[in-house]
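*Asks:* Residue numbers (UniProt numbering), protein chains in the order written: chain Z, 1 to 197; chain P, 1 to 197.
Beta carbons: idealized from backbone N, C-alpha and C, even for Gly.
Number of protein chains: 2
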Amino acid sequence: MAQADHGRTRILDAAAYTLRHKGLTGAKLSDIAKRAGMLAPSIYHHFPSKDHLVEEVMMEGIYHNNRHIMAQVEGLGSSASPIVRLRAAVVAHVDFLLTGDDYSSAVARVFDDLPDEMRKRVLAAYSSFDNYWRDLIVAAQRDGSANQALDPTVVRKFLIAMLDSCSSWYRPGKLSPAQIAEQAADMLLYGIAVERT
Amino acid sequence: MAQADHGRTRILDAAAYTLRHKGLTGAKLSDIAKRAGMLAPSIYHHFPSKDHLVEEVMMEGIYHNNRHIMAQVEGLGSSASPIVRLRAAVVAHVDFLLTGDDYSSAVARVFDDLPDEMRKRVLAAYSSFDNYWRDLIVAAQRDGSANQALDPTVVRKFLIAMLDSCSSWYRPGKLSPAQIAEQAADMLLYGIAVERT
DNA sequence: GTCTATAATCAGATAGAC
DNA sequence: GTCTATCTGATTATAGAC
Numbered sequence: 001m002a003q004a005d006h007g008r009t010r011i012l013d014a015a016a017y018t019l020r021h022k023g024l025t026g027a028k029l030s031d032i033a034k035r036a037g038m039l040a041p042s043i044y045h046h047f048p049s050k051d052h053l054v055e056e057v058m059m060e061g062i063y064h065n066n067r068h069i070m071a072q073v074e075g076l077g078s079s080a081s082p083i084v085r086l087r088a089a090v091v092a093h094v095d096f097l098l099t100g101d102d103y104s105s106a107v108a109r110v111f112d113d114l115p116d117e118m119r120k121r122v123l124a125a126y127s128s129f130d131n132y133w134r135d136l137i138v139a140a141q142r143d144g145s146a147n148q149a150l151d152p153t154v155v156r157k158f159l160i161a162m163l164d165s166c167s168s169w170y171r172p173g174k175l176s177p178a179q180i181a182e183q184a185a186d187m188l189l190y191g192i193a194v195e196r197t
Numbered sequence: 001m002a003q004a005d006h007g008r009t010r011i012l013d014a015a016a017y018t019l020r021h022k023g024l025t026g027a028k029l030s031d032i033a034k035r036a037g038m039l040a041p042s043i044y045h046h047f048p049s050k051d052h053l054v055e056e057v058m059m060e061g062i063y064h065n066n067r068h069i070m071a072q073v074e075g076l077g078s079s080a081s082p083i084v085r086l087r088a089a090v091v092a093h094v095d096f097l098l099t100g101d102d103y104s105s106a107v108a109r110v111f112d113d114l115p116d117e118m119r120k121r122v123l124a125a126y127s128s129f130d131n132y133w134r135d136l137i138v139a140a141q142r143d144g145s146a147n148q149a150l151d152p153t154v155v156r157k158f159l160i161a162m163l164d165s166c167s168s169w170y171r172p173g174k175l176s177p178a179q180i181a182e183q184a185a186d187m188l189l190y191g192i193a194v195e196r197t
């Protein structure tokens, strides 16, 4: 990060921002270039094609987010219970998205629209991340602190979709990113209802 | 529905299917036409532009889904408690998406990519729907059966994003649509955790 | 490393025959 | 009501000067 406006990095940042806000086909090369302070053809000096640029943003987004969540969870220390670890992951994920990481928001926004071949590669990179979530959920179930009647895969899909959505609807105002993260964690762990009926 | 392959309807169905599976820009007019059994220019005899066609699919999707959920909830009768009504809405929404309504799945898939003006109009049509969800949530909170510490708007956003996602990841196999719907309802109402810690 | 052309492609839309 | 042929505009990508 010492050299944040080195050409390549400046373009990647501009692409992440533009993909996040305009989607895959909405993000024109000229928009990205403009934000990076250059004209469209100049991008080709740094990247062979729009697809290559997009793919690099996706990979960065996945690894950024992944590293951040893992760091928060593992930072709890080995004494933390599985359910506490799961809660920390939820909070970290929401907080990361809302505190302005364009890369991970870009992934959430454009993933479904990627060309087939690229989506396969990005999905493969994502799978280690998926497994991490899965392990958090399964550990809590084995521990008896999470409902064993829930399917871990279904929980993971619903959970990630729910959390990823916040970057598209959140606007600063009444609630802070940290408060949204707490609400998400409470909702996911304890549900909307006060008690089982 | 008696005349399901009337020209207009055939095109709308084809557009809903194609938008659902390929997204807004991925759904070419030629793809839609092919599925409707004609060539692209023929669409212009029935619709003035791709945008008009897309907008009509969005509106249909919203009203279909809306009517279905309301019918299920109101069908419970006036004796049903707010939390039971909320659960019924969740189940109905998931079940509707997974039992093959291309229109509402198309809305979930392409909404964020719509041109600004159209998105505003679609959002306006959506707002009565949003209010219905909001009322279900607020009623349960007032009733004391839902956690009053949760922000109703945040709950609604997270809830809808979570439920809408299932049409993009669900594949028939181990679990049926009805089972996914039950898992979603249990997750949302009671949470992943067994008890508050 | 960025620019000014310009090519190549593709998709939405139109004209007009049948 | 659907077709063939064509136009138009936008966007990715290339060539080559500076």
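Please confirm if Asn147/Z has its CB atom under 8 Å from at least one CB of chain P.
*Replies:* Taking Cβ atoms only, chain P reaches closer than 8 Å to Asn147/Z, which makes this a yes.
*Asks:* Under 8 Å, CB to CB, which of the residues in the stretch 131-157 of chain P have a partner in chain Z?
*Replies:* Under the 8 Å Cβ criterion, the stretch 131-157 of chain P contributes Ile137, Ala140, Gly144, Ser145, Ala146, Asn147, Ala149, Leu150, Asp151, Val154, Val155, Lys157.
*Asks:* So what does Ala14/P bridge to, in DSSP terms?
*Replies:* In DSSP, Ala14/P forms no bridge with anything.
*Asks:* Whole angstroms is fine: what's the gap from Val90/Z's alpha carbon to Asp102/Z's?
*Replies:* When rounded, the distance between both Cα atoms is 18 Å.
*Asks:* Taking Arg85/Z as the reference, give the member of Leu175/Z, Ser145/Z, Phe158/Z, Pro177/Z with the closest Cα.
*Replies:* Comparing Cα positions, the closest option is Ser145/Z.
*Asks:* Measuring alpha carbon to alpha carbon, tell me which of Met187/P, Lys157/P, Met59/P ends up nearest Tyr170/Z.
*Replies:* Selected option, being the one with the closest Cα: Lys157/P.
*Asks:* If we cut at 8 Å on Cβ distances, does Gln72/P have a partner in chain Z?
*Replies:* Cβ-Cβ to chain Z under 8 Å: no for Gln72/P.
*Asks:* Tell me, please, whether the stretch 15-28 of chain P touches the stretch 173-190 of chain Z by the rule of three or more beta-carbon pairs shorter than 8 Å.
*Replies:* With the cut-off at 8 Å, the stretch 15-28 of chain P and the stretch 173-190 of chain Z do not touch.
*Asks:* What is the DSSP secondary structure of Arg196/Z, counted as helix, strand or coil?
*Replies:* Three-state result, Arg196/Z: coil.
*Asks:* Take the Cβ of Ser127/P as the centre, count every other Cβ of all protein chains shown within 10 Å, and call the residue buried at 16 or more, exposed below.
*Replies:* The residue in question, Ser127/P, is exposed, as its Cβ has fewer than 16 Cβ neighbours within 10 Å.
*Asks:* Would you tell me roughly how many angstroms separate the C-alpha atoms of Val107/P and Thr197/P, rounded to the nearest one?
*Replies:* Distance between the alpha carbons of Val107/P and Thr197/P: 38 Å.
*Asks:* Is the distance from the Cβ of Met118/Z to the Cβ of Leu150/P below 8 Å?
*Replies:* No, Cβ-Cβ distance for Met118/Z and Leu150/P is not below 8 Å.
*Asks:* Judging by CA-CA distance, which residue of Phe129/Z, Asn131/Z, Ala15/Z, Ser78/Z is the nearest neighbour of Arg35/Z?
*Replies:* Minimum Cα distance to Arg35/Z is reached at Ala15/Z.
*Asks:* Sorted by chain position, which residues of the same chain lie with C-beta nearer than 6 Å to Asp113/Z's C-beta, five sequence neighbours on each side aside?
*Replies:* So the list reads Leu24, once near-sequence residues are dropped.
*Asks:* For Glu33/P, which three-state DSSP category applies?
*Replies:* According to the sequence provided, residue 33/P is Ala. The question's Glu does not apply to it. Ala33/P falls in the helix class under three-state DSSP.
*Asks:* Tell me where the alpha helix (DSSP H) around Asn131/P begins and ends.
*Replies:* Asn131/P -> alpha helix (DSSP H) spans 116-142.
*Asks:* Quick one: which chain Z residues come within Cβ less than 7 Å of Met162/P?
*Replies:* Neighbours of Met162/P on chain Z, chain order: Phe158, Ala161, Met162.
*Asks:* Can you round the beta-carbon distance between Asn66/P and Phe111/P to whole angstroms, since I take them to be within the 8 Å contact cut?
*Replies:* Wrong, their Cβ atoms sit about 14 Å apart, outside the cutoff.
*Asks:* Any C-beta of chain Z sitting closer than 8 Å to the C-beta of Ser79/P?
*Replies:* False, the Cβ-Cβ gap to chain Z never drops below 8 Å.
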